[in-house]
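This report concerns only the one structure given below.
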Amino acid sequence: MSHDPNCIFCKIVAGQIPSKKVYEDEEVLAFHDIRPHAPVHFLIIPKLHVPSLWEVGPEHQALLGRMLTLAPRLALEQGAGNGFKTLINTGADGGQEVYHLHVHVIGGPRPWRVG
Ligand code: 5GP
Ligand code: ZN
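Convert by adding 734 to the 1-based position in the sequence shown; the result is the number in the numbering used here.
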């Protein structure tokens, strides 16, 4: 499934739910987290609906590489020049709340709310 009509991040990709965009290209979208843990907290997602890391396969290698390669560039642009965390929560025990793959990029001046 390339798009899940019930998925909140697919709705953000489609523009049906507003988001504060950080970056967009044909395959990837990045937007600010609605409940930030730190001064900089945004999510990098594939436009394709991939529920979690459990579902990735060899066909997603370039996409994952693109997402992770964007992280330092966007972190710097957003003001996390002194360092940042990247986080991918997977499944129930991993604390995943939204089942559309996303990389958290968390940084900016401390203290942070979490982490
Ligand atoms: P997870 O726990 O699945 O790794 O993280 C999901 C993240 O998505 C949470 O940090 C949450 O604040 C964020 N989030 C959930 N719904 C929305 C939304 O509608 N818009 C935005 N911008 N972020 C959201
Ligand atoms: Zn989705």
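Where is the CB? At the ideal position from N, CA and C, for every residue including glycine.
Taking one beta carbon from each stretch, the region 824 to 839 and the region 770 to 785 have 3 or more pairs nearer than 8 angstroms; the two touch. According to the DSSP assignment, Glu758 belongs to the beta strand (DSSP E) that extends over 755 to 758. Between the beta-carbon of Phe776 and that of Gln812 there is about 6 angstroms, and that keeps the pair under the 8 angstroms contact cut. Following the DSSP letters along the chain, one finds Pro806 inside the alpha helix (DSSP H) bounded by residues 795 to 812. Ordered by chain, the residues meeting the criterion of a beta-carbon within less than 6 angstroms of a non-hydrogen atom of ligand 2 are Asp738, Cys741, Phe743, Cys744, His783, His834. Judged by DSSP secondary structure, Lys745 falls within the alpha helix (DSSP H) whose first and last residues are 742 to 747. Nearest neighbour of Lys755 by Cα position, chosen from Gly815, Ala814, His766, Gly841, turns out to be His766. Distances from the CB of Leu821 to the heavy atoms of ligand 1 include at least one below 8 angstroms. In the three-state scheme derived from DSSP, where H, G and I count as helix and E and B as strand, Pro780 is classed as strand. Contact annotation: Ile779 and Ile746 have beta-carbon atoms nearer than 9 angstroms. Counting only residues of its own chain and dropping the five nearest sequence neighbours on each side, Gly791 has no CB closer than 8 angstroms to any other CB.
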